[in-house]
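Accompanying notes for the structure given below.
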Amino acid sequence: MPIFHSNQPTEFQAACTMLNKYAPSELESKHYQNWEAKGYFSADFSKPESFSIQLPPPNVTGTLHMGHAFNQTIMDGLARYYRMKGRNTCWIPGTDHAGIATQIVVERQLAAQGLSRHDLGREKFLEKVWEWKEVSGGTITQQMRRVGCSADWSREYFTMDDTRAEAVTAVFVKLYNQGLIYRGKRLVNWDPVLGTAVSDLEVENVETEGSMWHIRYPLADNPAEAVVVATTRPETLLGDVAVAVHPEDERYTHLIGKQLTLPLTGRTIPVIADEYVEKDFGSGCVKITPAHDFNDYEVGKRHNTELISVLGLDAKILAEAQACDYRGTPTQVCRLPEKYAGLDRFEARKQIVADLDAAGLLVKTEPHKLMTPKGDRTGSVIEPMLTNQWFVAMNAAPQGGEPESEFKGMSLAQKAKHAVDSGAVRFIPENWVNTYNQWMNNIQDWCISRQLWWGHQIPAWYDENGKIYVARSEAEAQKLAGSLHLTRDEDVLDTWFSSALVPFSTLGWKDGEPDTEAMKAFIPSSVLVTGYEIIFFWVARMIMMTTHIVGKVPFRDVYIHGIVRDYDGKKMAKSEGNVIDPVDLIDGIDLDKLLVKRTTGLRKPETAPAVKKTTEKLFPEGIPAMGADALRFTMASYASLGRSVNFDFKRAEGYRNFCNKLWNATNFVLMNTENQDCGQDETQPLAYTFADQWIIGRLQQTEAAAAEAFETYRFDLAAQTLYEFVWNDYCDWYIELAKVQIQTGCPATQRTTRRTLVRVLEAALRLLHPIIPFITEELWQAVAPLANAKTADSIMLAAYPEADPEKIVQAAFDQMAQLQDLIGAVRNLRGEMGIAPNVKAPLFVEGSVPEALLKYLPALTRLTEAKTVDRLLESEDAPVAVCNCARLMLKVEIDKAAETARLSKEAEKLQKVLDKLNAKLSKPGYVDKAPAHLVEKDKAELAELEEKMAKVQSALAKLK
1 MPIFHSNQPT EFQAACTMLN KYAPSELESK HYQNWEAKGY FSADFSKPES FSIQLPPPNV
61 TGTLHMGHAF NQTIMDGLAR YYRMKGRNTC WIPGTDHAGI ATQIVVERQL AAQGLSRHDL
121 GREKFLEKVW EWKEVSGGTI TQQMRRVGCS ADWSREYFTM DDTRAEAVTA VFVKLYNQGL
181 IYRGKRLVNW DPVLGTAVSD LEVENVETEG SMWHIRYPLA DNPAEAVVVA TTRPETLLGD
241 VAVAVHPEDE RYTHLIGKQL TLPLTGRTIP VIADEYVEKD FGSGCVKITP AHDFNDYEVG
301 KRHNTELISV LGLDAKILAE AQACDYRGTP TQVCRLPEKY AGLDRFEARK QIVADLDAAG
361 LLVKTEPHKL MTPKGDRTGS VIEPMLTNQW FVAMNAAPQG GEPESEFKGM SLAQKAKHAV
421 DSGAVRFIPE NWVNTYNQWM NNIQDWCISR QLWWGHQIPA WYDENGKIYV ARSEAEAQKL
481 AGSLHLTRDE DVLDTWFSSA LVPFSTLGWK DGEPDTEAMK AFIPSSVLVT GYEIIFFWVA
541 RMIMMTTHIV GKVPFRDVYI HGIVRDYDGK KMAKSEGNVI DPVDLIDGID LDKLLVKRTT
601 GLRKPETAPA VKKTTEKLFP EGIPAMGADA LRFTMASYAS LGRSVNFDFK RAEGYRNFCN
661 KLWNATNFVL MNTENQDCGQ DETQPLAYTF ADQWIIGRLQ QTEAAAAEAF ETYRFDLAAQ
721 TLYEFVWNDY CDWYIELAKV QIQTGCPATQ RTTRRTLVRV LEAALRLLHP IIPFITEELW
781 QAVAPLANAK TADSIMLAAY PEADPEKIVQ AAFDQMAQLQ DLIGAVRNLR GEMGIAPNVK
841 APLFVEGSVP EALLKYLPAL TRLTEAKTVD RLLESEDAPV AVCNCARLML KVEIDKAAET
901 ARLSKEAEKL QKVLDKLNAK LSKPGYVDKA PAHLVEKDKA ELAELEEKMA KVQSALAKLK
């Protein structure tokens, strides 16, 4: 009895009529809006086991790039997988206020109006920033929706919102009261254009062409004798406090302790011995300028030298040097030569070099390549600068106020180390533990202050005497200060400070209050998915802060993925013009419009040339719309453990073809099962063939492999496993076998075939859903009712399939292998004989091949018939193929002359391609200099062509 009747419209029938053409954009917007509106992304606390994940908050100024798409495909895949596994799943999204980047954006807008932030004042400027944030700040989260991110948007946060501001202030005050935050004068990275300290992550080391100047430093008591010092920054000479030599360098041991005359200044400085100096590098003498070099700072600290700052915060030479000791206490006033005062550092460099030369102290100048630190936002050369800043002490023990935990009493650095050493936090791949430990073993106190206006203003106030009051509010600080007038510190906190708190600041944490329901469920979170470049800046600091404030680790696993490079293996960067916008891949790229600035203003015209150059080679008419699912499948396929990948547009096209094949296969299944008995009535007889049992068994193997891949973060293996099962096993093999069974089988066989078609497809859609959510939702809505599997309103709420090993029938696998062997042999025979696809011929089989296998051959290999014989009557005109179970022969009349001509022409074409490829590979230097992946591609193509040529030559030989 049919399950569906033609006179009774059903949800399935309505859905079936929709499957005319695969149009990703239509179904993507439809389903995402439905998912979000119905609250499917929200946590469900009725479920006992939790799975949670924190989104690395992208900059509020940002737009989606390939790294985001890569990272978010992995996170969303995990969230969808564990949601379907029945976990209380919570993926927490948010954006970072990005202090420097955001302030630059708004200042540029003001500059276009002829204004500066100082014209507005701090309060009015911050109003402008908030106005900009409200208008443009949600771009990246809207783009995340385009990719299909199933984040719990009801928990979305912004690191400058009121809740986060309260948490940041509470943690700052707590750490200060525990003796873990202090203010002091230390050397920091300084961007003179921005006028603020910056973190190492905001500094790019760029190889530049410079010079090495060799300068004489005469002995004070014997000017005829001198040491020669080489430097790339002669302007810092004015702040030298010593010249260092290696203590075992016999050339200079007699000079240790003697005084040198510092050129152009009249000051004298000592020769000191320190193992930092490399005896065999250069002259073996190193100038020590601790106020302007990080390595020199450490050398000077060991020898208790002064620190003499000769550059102001604008990177211009000071009239009077600022000297202090390592506690920041001012020492002597050191006047500098008047002629340099007020000169920009690079102008001063030219003048100082000229003066050294005129004084006979410049020995020589050599061209020199060096790594120059530059600000990633401004491109200005970063200066190590001695300034007053706020710091978090990494190695100090807290003075009370900690929660009871195994971490109590440890310094922040010890807590971060213990969390990983104990296994409470696990890095995947494990080798990243070495990087983590290297940073942690050499950790310095963390500079958390920035000289900006946009950010969390430091909750510290000063009275007239300079005394500091740290408090949660000005009223609280005033209460501490009494009647004294207070002035608030103008600095703001480093962006990484607020983002280090997100594991608990996003879950309702309040200082001194009990843990919330969300904190109990989601701390520690299950996994953090991130890139290696912020292991120290974010990962380590989240571990420090969460273990210290909450007493728990913030997450159990840290999955470190690689980075996405362009087609030729270059890092994507605006300066390279090779940045790919994932949304462009989803919607398609019109090459004629690629260089036109987008109406949103999110891309500058100069970022596109390299993308256009690459894409027009592969897609002369532009990249077709791939859809979000194809993009996600591509990203998943790249997500092996820690390996960086080169993005290939053609690979994305391949996964777009996969989606189309899945769509068409579903259409075929629906057309052959609609209004038919699909075996839902368990009382009706079923007759499973070996083909049915084989695909059901392969489904079990695929379910087990996919689950293991997701749970071990091997998205590449999950993608490969599911692709091969759906494309090869289900579409290319089982559907073709099912056609034969439906056409020739008895009612029980037909019923069972339809049942297997829909049930395996329905399970496959659920298997695929974490990777390609949109198309699977659309197709599942049509297939699930037919498979009697509509257990939820959405596929994302349905159960993820679980393998049942008892459904794997080895005999069916053996029979299928035998059939595949037979079909492969027949197809090879047709190829060797050059039989056109539309020509049918009889097949004679010598061997004990079951009739159950032979019945499939005509339909799958275009035969008139396939029958067994006791013995083949071989002839030269009819080649014989041998497989594991039989010998095969096709009987077809061959026009020897025509076939010889065809094969000869094919051999001629192949030879031309072979000659061209061999010439390319033998070209001097190509194999050594060309990108490795291109060389490997050429070699693989050569091997394939040589194999084809061998087959053609063999066929020609048989015709002679």
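In the UniProt record's numbering, the protein residues as written are 1 to 960. Every residue gets a Cβ at the ideal spot worked out from N, C-alpha and C, and that includes glycine.
Return the Cβ separation of residue 961 and D76 in integer angstroms, given the expectation that the two are a contact with Cβ distance under 8 Å.
The displayed coordinates of the chain run from 1 to 960. Any statement about residue 961 would go beyond what the structure contains.
Rounded to whole angstroms, what's the CA-CA distance from D732 to F725? Just pull it up for me.
Sequence index remark: in the sequence shown, residue 732 carries index 732 (1-based). Sequence index remark: in the sequence shown, residue 725 carries index 725 (1-based). Near 10 Å, if we compare the C-alpha coordinates of F725 and D732.
Pick from D729, Q818 and P337: whose alpha carbon is nearest that of A764?
In the sequence shown, the residue the question calls residue 764 occupies position 764. Checking every option, the nearest Cα to that of A764 belongs to D729.
Any chance the region 764-778 sits against the region 793-806, with 3 or more Cβ pairs inside 8 Å?
Output reads yes: the region 793-806 touches the region 764-778.
Do we get a CB-CB distance below 9 Å when we pair I100 with the residues of chain B?
In the structure shown, chain B cannot be found, because there is only a single protein chain.
Once DSSP output is grouped into helix, strand and coil, what is the label at K467?
The count along the sequence shown starts at 1 and reaches residue 467 at position 467. In the structure shown, K467 sits in coil (DSSP, three-state: anything other than H, G, I, E or B).
Leaving out the 5 sequence neighbours to the left and right, which residues in its chain are closer than 7 Å to Q451 when beta-carbon positions are compared?
As a first step, residue 451 is located in the sequence shown; it is residue number 451 there, counting from the start. These residues qualify, in order along the chain: G195, T196, A197 and D491.
Determine the extent of the alpha helix (DSSP H) in which M544 is found, giving its start and end residues.
Sequence index remark: in the sequence shown, residue 544 carries index 544 (1-based). Per DSSP, M544 belongs to the alpha helix (DSSP H) from R541 to I549.
Leaving out five residues on either side along the sequence, give the residues of the same chain with a beta carbon under 7 Å from the beta carbon of G697.
By one-based count along the sequence shown, residue 697 stands at place 697. Around G697: K807, I808, V809, A812 and F813.
Relative to the C-alpha of A957, which residue among E899, L942 and K920 is closest?
Position 957 of the sequence shown, counting from 1, holds the residue named residue 957. Checking every option, the nearest Cα to that of A957 belongs to E899.
Tell me the rounded alpha-carbon separation between E36 and I53.
Residue mapping note: residue 36 aligns to position 36 of the sequence shown, counting from 1. Residue mapping note: residue 53 aligns to position 53 of the sequence shown, counting from 1. The straight-line gap from Cα to Cα measures roughly 18 Å.
Mind reading off the beta-carbon distance from A628 to F774? Whole number of angstroms is fine, and I expect it under 8 Å.
Translated into positions along the sequence shown, residue 628 becomes position 628. Translated into positions along the sequence shown, residue 774 becomes position 774. Indeed, because the Cβ distance is near 6 Å, the residues count as touching under 8 Å.
Please report the residue range of the beta strand (DSSP E) in which P879 lies.
Within the sequence shown, residue 879 is the residue found at index 879, counting from 1. Per DSSP, P879 lies in no beta strand (DSSP E) segment and is marked neither H nor E.
Measuring CA to CA, which of V147, L761 and T365 is closest to I735?
What you label residue 735 is simply residue 735 of the sequence shown in a count that begins at 1. The shortest Cα separation from I735 among V147, L761 and T365 belongs to L761.
How would you call T599, buried or exposed, if buried means at least 16 neighbouring beta carbons within 10 angstroms?
The count along the sequence shown starts at 1 and reaches residue 599 at position 599. Here T599 scores only 31 on pLDDT, less than 50, and its place in the model is too uncertain to base an answer on.
Between A852, M833 and K867, which has its C-alpha nearest P842's C-alpha?
Within the sequence shown, the letter at position 842 stands for residue 842. The candidate whose alpha carbon is nearest that of P842 is K867.
Cα-Cα, which of C883, S50 and G94 is closest to R87?
The residue labelled residue 87 in the question sits at position 87 within the sequence shown. For R87, the nearest C-alpha among the options comes from S50.
Over the uninterrupted alpha helix (DSSP H) stretch that includes S922, give me the two end residues.
Your numbering for residue 922 matches position 922 in the sequence shown. S922 -> alpha helix (DSSP H) spans K896 to S922.
Determine the DSSP secondary structure at W780, reduced to helix, strand or coil.
Position 780 of the sequence shown holds residue 780. The answer is helix: DSSP assigns W780 an H, G or I state.
Quick one: grab the DSSP three-state call for K174.
One-based indexing of the sequence shown puts residue 174 at position 174. Looking at K174 - three-state DSSP - the assignment turns out to be helix.
Would you mind listing the alpha helix (DSSP H) stretches within the region 497-537 that are 4+ residues and don't spill past its ends, in chain order?
502-505 and 517-522
Let me check understanding here. Comparing Cα to Cα, which of R186, Q103 and G62 lies closest to Y297?
Numbered from its first residue, the sequence shown carries residue 297 at position 297. With distances taken between Cα atoms, Y297 lies closest to R186.
Could you tell me the distance, in whole angstroms, from the CA atom of A636 to the CA atom of A709?
Translated into the one-based positions of the sequence shown, residue 636 becomes position 636. Translated into the one-based positions of the sequence shown, residue 709 becomes position 709. In a straight line, the C-alpha of A636 is about 11 Å away from that of A709.
Could you tell me whether any non-hydrogen atom of the ligand SAH is closer than 8 Å to the CB of L914?
What this structure holds is no ligand at all, so the ligand SAH is not there to describe.
Relative to the C-alpha of I580, which candidate in H68, A748 and I560 has its C-alpha closest?
The residue you call residue 580 lines up with position 580 of the sequence shown. Ranking H68, A748 and I560 by Cα distance to I580 puts H68 first.
Kindly indicate which three-state DSSP category F774 falls into: helix, strand or coil?
Taking the sequence shown and counting its residues from 1, one reaches residue 774 at position 774. Looking at F774 - three-state DSSP - the assignment turns out to be helix.
Near R216, which residues of its chain fall below 7 Å by C-beta distance, leaving aside the five closest residues on each side in sequence?
Along the sequence shown, one-based indexing puts residue 216 at 216. Excluding sequence neighbours, R216 sits near A226, V228, L361 and V363.
According to the Cβ coordinates, are V129 and Q103 closer than 9 Å?
Translated into the one-based positions of the sequence shown, residue 129 becomes position 129. Translated into the one-based positions of the sequence shown, residue 103 becomes position 103. In contact: V129 and Q103 (Cβ atoms closer than 9 Å).
I528 and V550 look like a contact to me (Cβ under 8 Å); what is the Cβ gap, rounded to whole Å?
In the sequence shown, residue 528 corresponds to position 528, counting from 1. In the sequence shown, residue 550 corresponds to position 550, counting from 1. Per the sequence shown, residue 528 should be read as Leu rather than Ile. Not a contact, Cβ separation roughly 15 Å.
Look at A43 and A477 and say whether their C-beta atoms are less than 9 Å apart.
Position 43 of the sequence shown holds residue 43. Position 477 of the sequence shown holds residue 477. Contact: no.
Exposed or buried, what is N884 when buried is set at 16 or more other beta-carbons lying within 10 Å of its beta-carbon?
Your numbering for residue 884 matches position 884 in the sequence shown. N884 is exposed by the Cβ-count criterion.
Look up F51 in the DSSP assignment and say whether it is helix, strand or coil.
Locating residue 51 in the sequence shown gives position 51, where the first residue counts as 1. Strand, per DSSP.
Taking the continuous alpha helix (DSSP H) assigned at S25, which residues delimit it?
Numbered from its first residue, the sequence shown carries residue 25 at position 25. Element bounds for S25: P24 to A37.
I need the straight-line Cα distance from P582 to S29, nearest angstrom please.
Within the sequence shown, the letter at position 582 stands for residue 582. Within the sequence shown, the letter at position 29 stands for residue 29. C-alpha separation (whole angstroms): 16 Å.
Helix, strand or coil for Y638 per DSSP?
In the sequence shown, the residue the question calls residue 638 occupies position 638. Of the three classes helix, strand and coil, the one that applies to Y638 here is helix, per DSSP.
May I ask which residues mark the beginning and end of the alpha helix (DSSP H) holding K287?
If you number the sequence shown from 1, residue 287 lands on position 287. Careful: K287 lies outside any alpha helix (DSSP H), inside the beta strand (DSSP E) at V286 to I288.
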